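For reference, the structure discussed in these notes is given below.
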Amino acid sequence: MIYLLLSIAASSLIFVIFKLFSKYEVNTLHAIIVNYFVACICGLSLYKGSTAVAEIPSQDWFYGTVILGLIFITVFNLMALTTQRSGLSVVSVATKMSVVIPILFGVLYYKESLGMLKIIGILLALVAVYLASIKSKEGISIKKKNLIFPFLVFLGSGAIDTSIKFMEGEYVAADDVPIFSATIFGAAAVIGVFIILYQIVTKTFTFKAKNVVAGICLGIPNYFSIYMLVQALRADTFDSSTLFTINNVAIVMVSTFLGILLFKEKLIFKNWLGIGMAVVSIVLVWIASK
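Heads up, the sequence shown is in the working numbering, so the first residue is 1225 and it goes up one at a time.
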């Protein structure tokens, strides 16, 4: 349970940091790339297992982490593009509603139970995510030509959670969780370097120290959000469908309240209704898991 709470706390802190990015005009792409390096270093620093760094490419989970690293940075760029074309609310909804993908995977692959109470809780959670994320009375409006971008964010975000669940369950030893998490971020960092090199060649790169500082601040909670999520999955307190539902909905709730407390954000009635439904959905899913 403590790992789930820490994962929620770390993910919610990421929300605060991203909000500060816009306030201080941080180059999000550059900060994200630095963040991947910092997250990788965190994992390597905390690793106490027997697998040497040179042996990482020989691990069963290595190629999976490389693919995950590619998905990480691809989804980030899709999120940035979706934000520009359709707004932040669309990204938030697409990201959090992607929870249905690991839930379905858990039910179909691991044969996890899915009673009526849990189904109602999950459906409430999806509605709650939508209502808590929209910031206008009109709701969300997306042009047809831009529909592909939130759809890809939805698929990519769901693929990340599902892949982490599958790999930690099938291939990652208990002692290798820190280095497994570090390798995912390391792969994303390497891909990020190629992006920076391309920008240097095309003379579109500008170095700013604040982007490095921002990346460092983001990298630490980002690492622990993944590390704690993996540990929560391994703890077997909840099955994956329950854990992912509670995790995603709780992040939306905590992030919303942090927005009110730290950034004086104003909520409309739909947001408060979403928060109320989120609480009910967590309670229902929790009860269904007992």
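We put the beta carbon where it would ideally sit given N, CA and C, even for glycine.
Given the structure is predicted, the values throughout are model-derived calculations rather than measurements.
For the stretch 1481-1492 and the stretch 1329-1340, state whether three or more C-beta atom pairs, one from each stretch, are separated by less than 8 Å.
They do not touch, by the three-pair rule.
Just the Cα atoms here: how many angstroms apart are TYR1227 and VAL1473?
Taken atom to atom, the span from the alpha-carbon of TYR1227 to that of VAL1473 is near 16 Å.
Within 8 Å, strictly: CB atoms of ILE1388 and GLY1273
Taking 8 Å as the Cβ cut-off, ILE1388 and GLY1273 do not qualify as a contacting pair.
Beta-carbon contacts of THR1386 that lie in its chain and below 8 Å, excluding the five residues immediately before and after:
ILE1325, PRO1326, PHE1329
Can you tell me which of ILE1238, LEU1292, LEU1305, ILE1343 puts its alpha carbon nearest to the alpha carbon of THR1466?
ILE1343
Using the Cβ count rule (16 or more neighbours within 10 Å means buried), how would you classify MET1225?
exposed
With C-beta atoms as the reference, is ALA1406 less than 8 Å away from TYR1260?
no
In chain order, what are the residue ranges of uninterrupted alpha helix (DSSP H) at least 4 long that sit wholly in the stretch 1271-1322?
1286-1310, 1312-1321
Checking 8 Å against the spacing of the C-beta atoms, do ALA1234 and PHE1448 come in under that value?
yes
What residue ranges within the stretch 1315-1399 form continuous beta strand (DSSP E) runs of no fewer than 3 residues, ordered along the chain?
With a minimum length of 3 residues, no continuous beta strand (DSSP E) run stays inside the stretch 1315-1399.
Would you tell me roughly how many angstroms separate the C-alpha atoms of TYR1583 and ILE1238, rounded to the nearest one?
Any question about residue 1583 goes unanswered here, given that the chain covers just 1225 to 1514.
Starting from the C-beta of GLY1339, find all residues in its chain whose C-beta is less than 8 Å away, skip the five residues before and the five after it, and write them out in chain order.
Excluding the 5 residues flanking it on each side, GLY1339 has same chain C-beta neighbours closer than 8 Å at ALA1512, in chain order.
Tell me whether the stretch 1419-1437 and the stretch 1250-1259 touch, counting them as touching only if at least three CB pairs, one residue from each stretch, are closer than 8 Å.
yes
Which residue comes first and which comes last in the alpha helix (DSSP H) that contains PHE1481?
1464-1487
At the level of alpha carbons, what is the spacing between PHE1300 and ALA1276?
Going from the Cα of PHE1300 to the Cα of ALA1276 covers about 30 Å.
N-terminal and C-terminal residue of the alpha helix (DSSP H) that LEU1491 is part of:
No alpha helix (DSSP H) holds LEU1491; DSSP gives it neither H nor E.
Please report the straight-line C-alpha distance between ILE1174 and VAL1436, rounded to a whole angstrom.
Lying before the first or after the last residue shown, residue 1174 is absent from the chain, which here runs from 1225 to 1514.
Within the continuous alpha helix (DSSP H) that includes THR1407, where are the two ends?
For THR1407, the enclosing alpha helix (DSSP H) begins and ends at 1401-1425.
Tell me which residues share the same chain as THR1289 and place their Cβ nearer than 6 Å to its Cβ, disregarding the 5 neighbours each side in the sequence.
Contacts found: THR1407, ILE1408, ALA1411.
Taking DSSP as the reference, what is the three-state secondary structure of MET1225?
coil
Which value, in whole angstroms, describes the spacing of the CA atoms of ILE1516 and PRO1374?
With the chain covering only 1225 through 1514, there is no way to say anything about residue 1516.
Exposure of VAL1507, with buried meaning 16 or more beta-carbon neighbours within 10 Å
exposed
Just tell me which of MET1391, LEU1230, CYS1441 has its CA closest to the CA of LEU1244.
CYS1441
Inspect the beta-carbon positions of SER1236 and ILE1475 and report whether they are closer than 8 Å.
yes
What does the alpha-carbon distance come out to for the pair ALA1356 and VAL1323?
16 Å
Helix, strand or coil, according to DSSP, for TYR1260 in the structure here?
helix
By the three-class DSSP mapping on this structure, what secondary structure does PHE1242 have?
Three-state DSSP puts PHE1242 in a helix.
Could you check if ASP1400 is buried or exposed, using at least 16 other CB atoms within 10 Å of its CB as the buried criterion?
buried
I need the boundaries of the alpha helix (DSSP H) containing TYR1447, first residue and last residue.
1433-1459
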